[in-house]
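Residue numbers (the numbering used here): 346 to 626. To start, the structure under review is shown below, and the notes come after it.
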């Protein structure tokens, strides 16, 4: 059943599903129902949104295991951002598969509004991208001025994850998480600068994720604290590596749903009223 929320409609109305993403009204066919007629513009927007949703899902999946908890509105907000990026660069005469705009609007995206990374980590890591390497320079950090500890945590693990995407070739490459562990001490101290190195790829989209994992000391060893209110994670950088793309047959394949051909229903012109023939009497 559909409902009106301001100037938008959400829910199921007949064979169509209405939803609000950002400031846009989106309409799609109900799963398992017969196809509904769409204008060319609506059909194209629906197709691009489907691709953006799939891309956003792969982006979120790459954040594991850093992304342990997220707020209830995260998926729709993140998908909306990805959709705006791709919709903006796809005019009616361009190919939605090949043209992708700058993804830098994802920089600083918080996955968990209940536990924002910006409230715990105040230092600014520097990122260097080359054709074959991603370097993260983590600066010297003063504890607890630049890094906040939870009251009951004895350790904080700073986790970085890098994923590479070739959206034209529909390929992706995930890499292992790299960790830096900081122990909580009674006195203030300085954590030394660190340099992390990941694999880069010329012409590929690079997403860098960062998260904090807090743990406490137990009789069985250190135990990670699993809590919605203490699981900050965010995107540090979304940027293309310099250089031209090459064939990436050894990367994992991204799967997209094929475009559905919809029937076009032309509006029928109203028949002109026929003149009555005069009868002979």
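For glycine and all other residues, C-beta sits at the position ideal for the given N, C-alpha and C. All figures in this text were calculated on a predicted structure; none of them were measured in a lab.
A straight line joining the alpha-carbon of residue 428 with that of residue 578 spans about 21 Å. Taking residue 548 as the centre and dropping the five residues before and after it, the same chain places the C-beta of 588, 589, 590 closer than 6 Å to its C-beta, in chain order. Here residue 567 carries a strand assignment [DSSP, helix/strand/coil]. Per DSSP, residue 510 lies in no alpha helix (DSSP H) segment; the continuous beta strand (DSSP E) that holds it begins and ends at 500-511. For residue 450, there is no enclosing alpha helix (DSSP H), as DSSP gives it neither H nor E. Boundaries of the alpha helix (DSSP H) around residue 422: 419-433.
Fewer than three pairs of CB atoms, one per stretch, sit closer than 8 Å, so the stretch 510-519 makes no contact with the stretch 458-468.
Three or more beta-carbon pairs drawn from the stretch 554-566 and the stretch 499-511 are found closer than 8 Å, and the two stretches are therefore classed as touching. The distance from the Cβ of residue 474 to that of residue 584 is about 6 Å, consistent with a contact at the 8 Å cut-off. Residue 354 and residue 373 have their C-alpha atoms roughly 12 Å apart. Note that the C-beta distance between residue 567 and residue 500 is below 8 Å.
For residue 561, the pairing in a beta bridge is given by DSSP as 568.
Of the residues 413, 369, 366, 390, the one whose Cα lies closest to the Cα of residue 570 is 413. In the three-state reduction of the DSSP assignment, residue 554 falls in the strand class.
The C-beta distance from residue 482 to residue 540 rounds to 5 Å, short enough to meet the 8 Å contact threshold. In this model, residue 393 and residue 476 are separated by some 29 Å (Cα to Cα). Nearest neighbour of residue 524 by Cα position, chosen from 510, 542, 509, 532, turns out to be 542. Between residue 487 and residue 533, the C-beta spacing is below 8 Å. Taking the C-beta atoms as reference points, residue 404 is found no nearer than 8 Å to residue 575.
Each residue's CA atom was taken as its position, placing residue 478 and residue 489 some 31 Å apart. In its chain, beyond the 5 residues on either side, 395, 399 have a beta carbon closer than 8 Å to the beta carbon of residue 602. DSSP, reduced to helix, strand and coil, places residue 576 outside both helices and strands of the structure shown, so it counts as coil. Taking the CA atoms as reference points, residue 426 sits about 31 Å from residue 494. Annotation: residue 455 is outside any beta strand (DSSP E) and is labelled neither H nor E by DSSP. Checking the DSSP bridge columns, you'll see residue 534 partnered with 488.
Partner residues in the beta bridge of residue 525, as assigned by DSSP, are 503. Judged by beta-carbon spacing, residue 515 lies within the 8 Å limit of residue 599, meaning their Cβ atoms are closer than that value. Under the DSSP assignment, residue 542 falls in the beta strand (DSSP E) whose first and last residues are 539-544.
A direct Cα-Cα distance of roughly 13 Å separates residue 422 from residue 453. Remark: C-beta atoms of residue 390 and residue 432 approach each other more closely than 8 Å.
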